[in-house]
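Heads up, the sequence shown stops at 267 in the numbering used here, and the numbers go up one at a time, no gaps.
Glycine included, C-beta positions come from ideal geometry on N, C-alpha and C.
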Amino acid sequence: MPFPMRCSACGRQLTIPDDLMGKKVRCPCGQVIEVPKEPPLHEEDLYAVAEPAAERREDEHRTSSPAPDVPDRGSPPVAASPAGTESTPDLRDAPQLRWAAGLAIGYGCIMTLVAWFFPHFTGFCCSYYPGLVCFPALAVSGILLLQGNPLGVECVGIFAAASAFLTFVSAVTILFVSVVALIKGQIGGSLLVGGVAAAAVAVPAWLFLWALRLHRKWRALQDAESA
41 MPFPMRCSAC
51 GRQLTIPDDL
61 MGKKVRCPCG
71 QVIEVPKEPP
81 LHEEDLYAVA
91 EPAAERREDE
101 HRTSSPAPDV
111 PDRGSPPVAA
121 SPAGTESTPD
131 LRDAPQLRWA
141 AGLAIGYGCI
151 MTLVAWFFPH
161 FTGFCCSYYP
171 GLVCFPALAV
181 SGILLLQGNP
191 LGVECVGIFA
201 AASAFLTFVS
211 AVTILFVSVV
221 ALIKGQIGGS
231 LLVGGVAAAA
241 VAVPAWLFLW
251 ALRLHRKWRA
261 LQDAESA
C-alpha cells in the first residue's frame, strides 16, 4: 500500500509505492530522497491505534469522547518518480568534479585565444574554424559542471574528444621539432615548447576519459536500480 513522505528540501508531500521501499527516489524539485525499508508511523496510524483504547475507556466510564479531527492535507500528494527512471545521480557526488570543471574552462579559454591569434596551430589537421567552435563550447561545458548540470558531463566528453583531435597533428609536429631542437642543444626552449604541445593533447584526453568513466558508472548504477 503506498505511503506518504515529505521532501526535506521543498516540503512537498510525495506518495511512495511499496516496491520503492529501501531505494532512492527523486523529488520534482531535484532532491534525492532515501526511502526507508519500512513505512514510517504517520498521524493516521496514531489515530487507528488510539481508537480502541478510547472505546475501552468509554465502556468503563460511560462517557463519550469526540473522534479526532483528521488534518486537511490540501492538494493531493504528488507521486515521486521511481528511482530506476532517474536520468543521472547527483552530480555533486562525482569524483574530481572541480578539477575537471577548472581544466575544461581554462583549457577552453586558452585554446580559443590560440585558435584566434595563431590559426595555423589547429590548421595543420583542418581549418581553424572548428576550433573556434569547439574550444569555447568546452569552456561552457565546464561552467555547466560547476552548476551541477548533468548535461555538462556529456558536453565535456564530446568537446574534449574533438579538442584532442583538433590539436593532435599540430602537437605531434611541434613535439618532433622540439626533439630536434633538444638534440641540437636547445634544451630550455625545446622542453617548454614540447610541454605545451603535450598539454594541448593530454588535457582534453584526460577530460574525455573522466567523462567516459563517470558516464559508465552512472549507467551501472541505473542498471543495478532497475534490476
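Asked                                                                                              : Found
Within the stretch 148-202, ranges of the alpha helix (DSSP H) (whole runs, at least 4 residues)   : 160-163 and 169-186
Buried or exposed by the 16-neighbour rule on C-beta atoms within 10 Å, applied to His49           : Here the sequence assigns Ala to residue 49, which means His is not the residue at that position. It counts as exposed.
Where Ile56 falls, given that 16 or more other Cβ within 10 Å makes a residue buried               : buried
Met61 beta carbon less than 8 Å from that of Leu54                                                 : no
Residues near Ala202 in its chain [Cβ-Cβ closer than 7 Å; skip 5 each side]                        : Cys174
Nearest neighbour of Ala204, chosen from Ile183, Leu178 and Ile223 [CA to CA]                      : Leu178
C-beta contact flag for Leu206 and Pro170 at 8 Å                                                   : yes
Leu232 to Arg253 span [Cα, whole Å]                                                                : 31 Å
Supposed close pair Ala155, Leu247 - CB separation, criterion 8 Å                                  : About 17 Å; that fails the 8 Å criterion.
Beta carbon of Gly148 nearer than 8 Å to that of Pro176                                            : yes
Beta-carbon gap between Ala237 and Ala211 smaller than 8 Å                                         : yes
Buried or exposed (CB count within 10 angstroms, at least 16 for buried), Ala144                   : buried
Start and end residues, beta strand (DSSP E) containing Lys64                                      : Lys64 to Arg66
Rounded C-alpha distance that separates Trp258 from Asp58                                          : 25 Å
Sequence-distant residues of its chain with Cβ nearer than 7 Å to Phe199 (five each side left out) : Cys174, Ala177, Leu178 and Ser181
Selected residue, minimal CA-CA separation from Gly188, among Leu153, Gly146, Pro135 and Leu172    : Pro135
Rounded C-alpha distance that separates Pro122 from Ala245                                         : Its pLDDT being 47, under 50, Pro122 is placed unreliably by the model, and the measurement read from it follows with that caveat. Going from the Cα of Pro122 to the Cα of Ala245 covers about 35 Å.
Contact under 8 Å by Cβ, Cys276 with Leu184                                                        : The displayed coordinates of the chain run from 41 to 267. Any statement about residue 276 would go beyond what the structure contains.
For Ala239, the nearest candidate out of Arg52, Pro42 and Ile150 (CA to CA)                        : Ile150
Residue range of the unbroken beta strand (DSSP E) whose run includes Gln53                        : Gln53 to Ile56
Reference Glu265; option with closest CA among Trp250, Leu222, Val243 and Lys64                    : Lys64
Cβ distance (whole Å) where Phe208 is taken to contact Val243 below 8 Å                            : So it is not a contact: roughly 12 Å between Cβ atoms.
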